[in-house]
Amino acid sequence: MVKGKCIVLSAPSGSGKTTLAKQLLQNKLLQLAFSISATSREPRANEKHGEDYFFISPKHFQKQINQGDFIEYEEVYPGVFYGTLREEVERLWSEGKHVIFDIDVKGGLRIKKQFPDQTITIFIKPPSLATLKQRLTNRETESRETLKMRLDKAENEMKLAPKFQHIVHNNILSEARAEIEELVTQFIKS
Ligand code: 5GP
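Numbering (our numbering), first residue to last: 3 to 192.
Next up, the structure:
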């Protein structure tokens, strides 16, 4: 199969990476498509199965791990699994698309390891942990416990930023967007 490219956008939760990924997708010239991950967490109120994630039970997730269905998977939070489905990525490549991965930092680095020449890794850095906390609080999707969990994880994820090929600071959304678009355009052309 002719393989497309992989665009990994990783960042701590609340850094604006999903917004930036969605904006990138709007550039039709780039022929991009999202890899929809599977997760064992419950959907949030506005989320749809097959659009935001494939929401599956922990038991089904385990079954798919055993079957080797994932390119990478991760217990992102204790007891909560997320993973990239091989079938999903190959389907997008077969449609002639390049695939955007909006996944956690460790997962992003695993994609790079699996497809070294085809992958660009971009780390999106929030201005500070305080800003991250504010964004997550404003989002009103987190309980006190999950907020703390996400912030603890964010602190660890920031330490892995130097392992990415590019670091984009998301202080001003429009600037971050332009920077990412330029990196991805050049990468796809290469
Ligand atoms: P959320 O619960 O906020 O949707 O996502 C939590 C974290 O899981 C985010 O950092 C998100 O990027 C990450 N994530 C989503 N899908 C995947 C995946 O397929 N693999 C990995 N490793 N992380 C993922």
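All C-beta atoms, glycine included, are put in the ideal place defined by N, C-alpha and C. Bear in mind that the values here come from a model prediction, so they are computed numbers and not experimental data.
{"Item": "Indicate, with yes or no, if the ligand 5GP has a heavy atom lying under 7 angstroms from the CB of residue 104.", "Value": "yes"}
{"Item": "How big is the Cα-Cα spacing for residue 54 and residue 106?", "Value": "15 angstroms"}
{"Item": "With a 10 Å radius around its C-beta and 16 neighbouring C-beta atoms as the bar for buried, classify residue 47 as buried or exposed.", "Value": "exposed"}
{"Item": "Can residue 126 and residue 19 be called in contact, C-beta distance under 8 angstroms?", "Value": "yes"}
{"Item": "Quick test of your reading: residue 87 and residue 71, contact by CB under 8 angstroms. State the CB separation rounded to the nearest angstrom.", "Value": "6 angstroms"}
{"Item": "Hey, quick one: how far does the beta strand (DSSP E) through residue 122 stretch, first residue to last?", "Value": "121-127"}
{"Item": "For residue 81, does the count of other Cβ atoms within 10 angstroms reach 16, so buried, or fall short, so exposed?", "Value": "exposed"}
{"Item": "When you measure from the CB of residue 43 to every non-hydrogen atom of the ligand 5GP, does any distance come out below 7 angstroms?", "Value": "yes"}
{"Item": "Let me check you understand the geometry: is the CB of residue 78 closer than 7 angstroms to at least one non-hydrogen atom of the ligand FMN?", "Value": "This structure simply doesn't include the ligand FMN; it includes the ligand 5GP instead."}
{"Item": "Is it the case that the CB of residue 145 approaches a heavy atom of the ligand 5GP more closely than 7 angstroms?", "Value": "no"}
{"Item": "Output yes or no for whether 8 angstroms exceeds the beta carbon distance between residue 42 and residue 15.", "Value": "no"}
{"Item": "For the alpha helix (DSSP H) that residue 67 lies in, which residues bound it at each end?", "Value": "60-68"}
{"Item": "Would you check whether the ligand 5GP has a heavy atom nearer than 7 angstroms to the C-beta of residue 98?", "Value": "no"}
{"Item": "Is the separation between the beta-carbon of residue 165 and that of residue 111 shorter than 8 angstroms?", "Value": "yes"}
{"Item": "Is residue 85 helix, strand or coil by DSSP?", "Value": "strand"}
{"Item": "Is residue 181 near the ligand 5GP, going by C-beta to nearest heavy atom under 7 angstroms?", "Value": "no"}
{"Item": "For the ligand 5GP, is there a heavy atom less than 7 angstroms away from the beta-carbon of residue 192?", "Value": "no"}
{"Item": "Can you find a heavy atom of the ligand 5GP that lies under 7 angstroms from the Cβ of residue 123?", "Value": "no"}
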